[in-house]
Each structure stands twice: as structure tokens, then as C-alpha cells.
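Inspection log for the structure reproduced underneath, given as C-alpha cells.
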């Protein structure tokens, strides 16, 4: 991904501006390799076995540690991690990209990352072309559309009050009792921790908590929702299923478009509720 590579290069540029040696992976080898380069009268990257530069993740960690820029706050770091996970999925596992997840990440990163680089490296005129400006406008427009639809679902869930609805509306066979939620959150941040430290932050479109519908099912009073504007790839089912596991909630995938047979089949297998645009209109009645 172009953005991922650009961020990595600019992070390394920040490191070089602080200390050229910070971009190298193994600092202990640098004196020997620099001496070798000096003897041959060439740059260190042109010797037979040049040192490796740091990875995307290490570059960000070193910028935080050695430069400590206030712009690189927890939100930006977590969104940069999300971008890295997405890039790894696409590159190493050939997973189909969920366009709307990409848009969310890019929208979240855009202004904060530009602010960071421009404050420390100066104006980035090469990133201000008409084509790029139009791309960012398109991303912002899609993001606004998604937020609008997300808010509609949020308001709808606030009206749930024990109504019984046909299971088919939610991709299920039996009737469903809609819980009365006491708390419904939009853009809910869920932190995944290890040894007390945040290792991953997930942003849930909607997370709702209320009274259990079934006394025997502790998940029945909690729903986690993912909304999609377009027909999603099957990976979206795995994602919302994962969020359901993390939050011990009923997962619900709402798609403002048609839903493919493969997505419905996988949702049924994983016990993920699914609702298309047409079914959503029935649910609103």
C-alpha cells in the first residue's frame, strides 16, 4: 500500500533528522559497517552487506521514544497499527480488502499524520496534488455517508423494547426478541490488553448493552454491530464474529445493499445476524 510505504519512509526521515543511526535495525553492527564503508570510500548502504533499516513498526516506536512528538498520541498510534494489520493481511494472506474498513482507517489517519510530518519535516507539497486532494475528498464523503447510516441504526436500536420480529429479518430461522438497551454507543473504542498494556484498539460501529432477553444466555442483552454501505467481502463476517467474541455479545452485520450467498452462509455458520437494506426497512416498521 502506497500510504503504508510513505508513512514508513517519512518516519525514517524524522529519525534521520534526529540521529542518522536510528534508522538502522542492528545498532551494534553500525560502527563496523561504517568503518568498512569509509575504507571503500562509499556510503554505508553501498557496501556488499549493507545494514538493514528498521521496519514500519520499529520506526514508529523509535520516533515515539527518541523524538516524543505530541502529535503521535495513542489514537494515532493505534490507527497506524490498524493500517499495518490491514497491509499485512492484504500482502501476506491475500485477504480481500473491505473498502469501508480502508476508508475508516484513512479518514482517521489523514489529518493527524499530516500534522505530525509537517510540524517536524516541513510542508509536504508532493502530497498536495489535485489528484490526491480529490481522493481525500472522496474518502471523506464515503466516511460521512457511513456515519449517517450508522447513526440511523443507533437511533433504531434505541427504540428496541422487547418487540418480537421475524427471524428472517436478521438472517435467523426463529423469531427474535429485541432487547431493551440501556446504553447504546457509536464508534465504541474497545481496548485489547496484555499485561495491563493496550496492544490493540478496535473501533466498533455500535455497541449496545441492556437486560438479557434469555436468562441463560448472557450475550442476549449485548449486541455489537458492523454497518456496511456496500456488499461486503466474507472477511466482514469473520470480523464482526471476532468482535462478538471479544465483547461476549451478539454480532449483527447490517448491509445497506444486497448480501451475497457466501456471506449469508458464513454468517449462518458463525451465528452472526445479517440484515440487508430491504430487511432493515421491514425492521423499522
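Numbering (the working numbering), first residue to last: 9 to 293.
Cβ atoms here follow ideal geometry from the backbone N, Cα and C, with glycine treated the same way.
Computed from a predicted structure; not experimentally measured.
Here the C-alpha atom of residue 48 lies approximately 44 Å from the C-alpha atom of residue 114. Non-local C-beta neighbours of residue 70 in its own chain, meaning closer than 7 Å and more than five positions away in sequence, comprise 23, 30, 62, ordered along the chain.
Under the criterion of beta carbons closer than 8 Å, residue 214 and residue 192 qualify as touching, at roughly 7 Å. In this chain, the alpha helix (DSSP H) harbouring residue 47 covers 38–48. Here residue 43 is exposed. Its C-beta has fewer than 16 other C-beta atoms within 10 Å. When secondary structure is reduced to three states using DSSP, residue 268 falls in the coil class, being assigned neither helix nor strand. DSSP places residue 66 in the uninterrupted alpha helix (DSSP H) bounded by 64–70.
In its chain, beyond the 5 residues on either side, 239, 284 have a beta carbon closer than 7 Å to the beta carbon of residue 266.
When the beta-carbon positions are compared, residue 212 and residue 251 come within less than 8 Å of each other. Around residue 111, the same chain offers 147, 150, 151, 154 as residues with beta carbons nearer than 8 Å, after the five sequence neighbours per side are excluded. Excluding five sequence positions before and after residue 118, the CB atoms of its chain that fall closer than 7 Å to its own CB belong to 144, given in chain order. Residue 108 sits buried, since 16 or more C-beta atoms from the chains shown fall within 10 Å of its C-beta.
Comparing C-alpha distances from residue 165 to each of 68, 288, 93, 86 shows the shortest one belongs to 288. The residues 191, 230, in chain order, have a CB closer than 6 Å to that of residue 217 in the same chain once the five nearest residues on each side in sequence are set aside. Across the set 196, 273, 257, the C-alpha of 257 shows the shortest separation from the C-alpha of residue 222. Between residue 179 and residue 275, the CB-CB gap stays under 8 Å. Per DSSP, the continuous beta strand (DSSP E) segment holding residue 236 begins and ends at 230–236. A residue is called buried when at least 16 other Cβ atoms come within 10 angstroms of its Cβ; residue 86 meets this threshold and is buried. Under DSSP, residue 209 takes part in a beta bridge, and its partners are 199. Separation of the CB atoms of residue 254 and residue 234 is rounded to 13 Å, and the pair is thereby denied contact status at 8 Å. Going by DSSP, residue 138 is part of the alpha helix (DSSP H) stretching over 138–166. Contact check for residue 59 against residue 37 passes: the beta carbons are separated by less than 8 Å.
Inter-residue distance for residue 140 and residue 14 is about 14 Å (C-alpha atoms, whole angstroms).
With a beta-carbon spacing of about 6 Å, residue 185 and residue 170 fall inside the 8 Å limit used to define contacts. When DSSP reads this structure, residue 217 sits in a beta bridge with 191, 230.
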